[in-house]
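In this note's numbering, the protein residues as written are 251 to 748. Input: a single structure, listed below in structure tokens.
The following block contains the structure:
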């Protein structure tokens with residue numbers, strides 16, 4: 251990034267889409283510059299040599315954030331390189347594994363976009379057209395002097411569109427059909443909560459670029475109406491013009507204070523609390539699997555990763571590759587490569603047995619979670635269809651050679667779990683052999699207790715697990731009615747409690 255003599259710590263000329271400070275806590279600030287600009291100049295105040303990403307880096311309030319300098323090609327001769335192309339370039343940079351190794355930008359759970367002018371339009375286009383990539387993330391939008399409805403000054407710049415065919419400037423003109431379409435699409439995204447964790451703030455300039463203290467100019471490049479469209483009344487940044495809005499001279503600059511207040515409200519307070527709660531205690535972690543997964547996705551670090559860092563790395567890659575489900579399967583129709591991340595109330599059942607050759611744990615524990623929603627009572631229309639899924643997580647040495655199995659109308663996943671417990675010496679083989687899901691209508695907890703398990707109190711847990719087998723042949727009896735359910739037997743990668 252630049253050279254060693256570059257004392258203001260800026261990237262080189264034309265350098266965009268680089269890490270300024272790699273993320274390590276699952277959250278990142280992505281700076282996105284405006285039209286005819288770049289990461290080196292957009293955030294830089296020439297008079298004080300202050301560089302906003304550097305100010306953020308030195309502010310301890312942002313110590314948990316990585317910093318990424320996003321961008322796109324926007325020279326005067328960019329010609330037909332339009333908003334869509336710019337958005338695609340930014341997305342490519344966010345999903346690309348860094349050359350030096352490490353995580354992608356998109357793998358972070360919390361992403362705050364700091365956008366100047368056209369950068370806000372590029373990012374809104376990104377969110378509208380690639381919503382699925384951001385649906386399960388917490389996304390912050392800090393839109394500064396972003397002309398959501400266009401700018402009359404783009405009309406004056408038609409010489410660039412006429413002489414060079416500059417598509418982006420043409421799209422920025424007032425009453426541009428592409429901006430109207432994006433405005434409507436982004437409003438629908440907000441209203442329909444397609445990205446539930448999306449929040450934002452908008453700000454605009456105080457005066458025109460050419461400005462004198464005693465000769466004020468009421469004109470502005472981006473008006474209040476164009477700058478404030480989606481997140482309530484926009485904030486007026488004192489003593490700024492269109493370009494200096496994103497060039498704070500120090501930590502007391504209006505733009506930096508805006509970012510601090512926004513992140514403190516939406517990320518630093520609530521998110522730090524939730525992260526602390528989520529990390530209260532890992533009650534189980536499969537270290538062998540974690541280390542195996544991490545070794546496949548990143549270079550060996552100089553310092554060993556902590557258990558939490560390994561878990562965060564695995565979650566990030568699974569999410570990025572579309573292999574992370576956020577809800578328990580209720581049928582067999584999901585990929586064998588899928589993992590499931592779930593927060594649920596579960597009950598731990600302990601089998602205190604002697605050590606066996608198959609298992610070096612002093613005890614084997616099984617966590618049982620009932621269906622997320624109670625299965626509906628059977629009727630003539632659904633009496634043969636399974637509804638709801640019981641979940642069984644076994645804390646034991648996983649059979650690494652075993653493949654995922656979908657069992658329909660034959661044996662239940664609880665049946666397979668009991669056979670695994672018998673194989674590891676935790677219950678009598680006769681108990682597993684005698685179990686018949688179609689005739690034993692007891693709830694799974696009762697069945698495990700009958701086999702010698704010690705049932706603990708229910709607890710709220712968060713777990714990442716790999717499905718081992720699922721069936722539609724688990725039966726329970728409620729109020730004299732026989733309910734047919736799915737049941738899922740899985741290996742947990744980790745279990746944490748709060």
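Glycine is no exception: its CB is placed at the ideal position from the N, C-alpha and C atoms. Model, not experiment: these values are computed from the prediction.
Per DSSP, residue 512 is one residue of the alpha helix (DSSP H) stretching across 504 to 513.
Rounded to whole angstroms, the Cβ separation of residue 638 and residue 735 is 5 Å, and the two are in contact under 8 Å.
The criterion of a C-beta distance shorter than 8 Å is satisfied by residue 457 and residue 491. Contact annotation: the segment 495 to 510 touches the segment 443 to 456, with at least three C-beta pairs closer than 8 Å. For residue 371, there is no enclosing beta strand (DSSP E); the enclosing alpha helix (DSSP H) has its first and last residue at 368 to 379. Boundaries of the alpha helix (DSSP H) around residue 307: 302 to 308.
Of all alpha-carbon atoms in 741, 733 and 670, the one lying nearest the alpha-carbon of residue 591 is that of 741.
Fewer than three Cβ pairs drawn from the segment 560 to 569 and the segment 665 to 675 lie within less than 8 Å of each other, which leaves the two stretches out of contact. Annotated three-state conformation of residue 747 is strand, per DSSP. DSSP places residue 276 in the coil class of the three-state scheme, outside both helix and strand. Beta-bridge analysis with DSSP links residue 709 to 596. By the neighbour-count definition (other C-beta atoms within 10 Å, threshold 16), residue 662 is a buried residue. With a 10 Å radius around the Cβ and a threshold of 16 neighbouring Cβ atoms, residue 396 comes out buried.
Just so you know, the alpha carbons of residue 283 and residue 294 end up roughly 11 Å apart.
The C-alpha of residue 433 lies about 57 Å from the C-alpha of residue 697. DSSP places residue 701 outside both helix and strand once states are collapsed to three, so it counts as coil.
In chain order, 276 place their CB closer than 7 Å to the CB of residue 562, counting only its own chain and leaving out the 5 sequence neighbours on each side.
Here DSSP, grouped into helix, strand and coil, assigns residue 721 to strand.
The DSSP-derived three-state label of residue 356 is helix. For residue 319, the enclosing beta strand (DSSP E) has its first and last residue at 316 to 320. Membership of residue 475 in the alpha helix (DSSP H) is indicated by the continuous run 474 to 477. Of all C-beta pairs linking the segment 354 to 369 to the segment 332 to 344, three or more are shorter than 8 Å, placing the two stretches in contact. Contact check for residue 666 against residue 585 fails: the beta carbons are separated by 8 Å or more. Between residue 263 and residue 367, the C-beta gap is not smaller than 8 Å, which leaves the two residues out of contact. If you compare the alpha carbons of 714, 695, 700 and 713 with that of residue 707, the shortest gap goes to 695.
Closest in alpha carbon position to residue 426, among 476, 502 and 338, is 476.
Taking 8 Å as the upper bound for CB-CB distance, residue 595 and residue 710 are in contact here, some 6 Å apart.
The Cβ atoms of residue 387 and residue 447 lie closer than 8 Å to each other. DSSP places residue 339 in the uninterrupted alpha helix (DSSP H) bounded by 333 to 345. In chain order, 398 place their CB closer than 6 Å to the CB of residue 479, counting only its own chain and leaving out the 5 sequence neighbours on each side. As the crow flies, the alpha-carbon of residue 506 is around 47 Å from that of residue 621. Just so you know, the alpha carbons of residue 385 and residue 442 end up roughly 12 Å apart. Counted as a single uninterrupted DSSP element, the alpha helix (DSSP H) harbouring residue 561 occupies residues 557 to 570.
Rounded to the nearest whole angstrom, the CA to CA distance from residue 349 to residue 377 is 25 Å. Looking from the CA of residue 393, the closest CA among 502, 308 and 509 belongs to 509. A Cβ-Cβ contact shorter than 8 Å links residue 726 with residue 693.
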